[in-house]
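Note sheet for the following structure.
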Amino acid sequence: MKKTLLLICLLVSSVLTSFAQEDKRFHRNTYLKVNPTTLINELDIYLEQEISGKLSIELGISGIYTDYPDYVLTKKIDFGQKKPDISTEQFVDGRGLGFRAGVKLYLISRELAPARAAGTYFEPILLYKKVFYPNEDVTINGTGYTNNATKDVYGIQLLVGRQFRKDKLILDPFLGLGIRGKVYQYTTFHGVENNGVQINDGRLVSVLPSLHLGIKIGLNLAR
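Numbering (the numbering used here), first residue to last: 3 to 225.
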């Protein structure tokens, strides 16, 4: 029994020592990246922090300066879906913020430079976006009204990519699938017959699969 306990202690000590040596050898890099493929409607900035040779955490923030792509998807492409009662101008001038949090699981450590697939990773991501559409003043039968609307976006993404490093330059192409839920809330006013006014106090929920393909470009902030 004593010999068994001694053997277990020696094995645990050996494992802990190996991890400690690995931690000493491994340099935890920090990467700052942007996604140029989304610049048509938003600026995406990412910060990735390495935890170990095969694990890192990636956080992202988005500044949304137009929601025109969503206008194209919801108003111009018709596959039988319900459409929010939001005007083209409101979509175009929509502003908002987005947040992402992901965990990168590197299938082959990036420290294995000779390996052809080094840097290949799998990354589950949670995201949230909030878009504020500008108020739109309308006049109906000589009376002024104000249309207003917002949108909340919730999503899960499952990405596969490969991160390349060249000195301090980072290239991070990726592709993947996900599911995205959009919740539109709006209050709009419309004229009807007999000089009446119809109030549309609506809430529209849309849940659809999503396809993701792009590349992040950045720098290694480590000295």
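Glycine is no exception: its CB is placed at the ideal position from the N, C-alpha and C atoms.
Alpha carbon to alpha carbon, how far is residue j from residue i? Give it in angstroms, no decimals.
i	j	result
residue 103	residue 172	19 Å
residue 81	residue 155	20 Å
residue 22	residue 78	At residue 22 the pLDDT is 43, less than 50, meaning the model places this residue with poor confidence and gives no usable figure here.
residue 2	residue 203	There is simply no residue 2 to check, as the chain begins at 3 and stops at 225 in what is shown.
residue 183	residue 106	23 Å
residue 180	residue 188	26 Å
residue 68	residue 54	38 Å
residue 212	residue 130	14 Å
residue 122	residue 109	6 Å
residue 100	residue 197	42 Å
residue 169	residue 134	40 Å
residue 191	residue 40	33 Å
residue 62	residue 127	10 Å
residue 220	residue 33	7 Å
residue 218	residue 96	24 Å
residue 43	residue 60	22 Å
residue 224	residue 46	21 Å
residue 176	residue 88	33 Å
residue 48	residue 153	23 Å
residue 205	residue 165	40 Å
Helix, strand or coil for residue i, going by three-state DSSP, please let me know.
i	result
residue 101	strand
residue 161	strand
residue 123	strand
residue 68	coil
residue 1	The structure shown does not extend to residue 1, since the chain spans only 3 to 225, so no value can be given for it.
residue 73	helix
residue 170	coil
residue 81	coil
residue 136	strand
residue 86	coil
Measure the beta-carbon distance from residue i to residue j and round it to whole angstroms, keeping in mind my assumption that it falls under 8 Å.
i	j	result
residue 216	residue 37	6 Å
residue 50	residue 30	Contact flag wrong, Cβ pair sits at about 11 Å.
residue 194	residue 200	5 Å
residue 174	residue 35	6 Å
residue 86	residue 186	4 Å
| Are three or more beta carbon pairs between the stretch 86-99 and the stretch 141-157 nearer than 8 Å? | As far as the Cβ criterion goes, the stretch 86-99 touches the stretch 141-157, which means the pair count is three or higher.
| query | Which parts of the stretch 174-200 are runs of the alpha helix (DSSP H), unbroken and 4 residues or longer, counting only runs that do not cross its ends? | reply | Runs found: none.
| query | At a cut of 8 Å, does the stretch 160-167 reach the stretch 135-146 through at least three beta carbon pairs? | reply | Using a C-beta cut-off of 8 Å, the stretch 160-167 makes no contact with the stretch 135-146, since fewer than three inter-stretch Cβ pairs fall below that distance.
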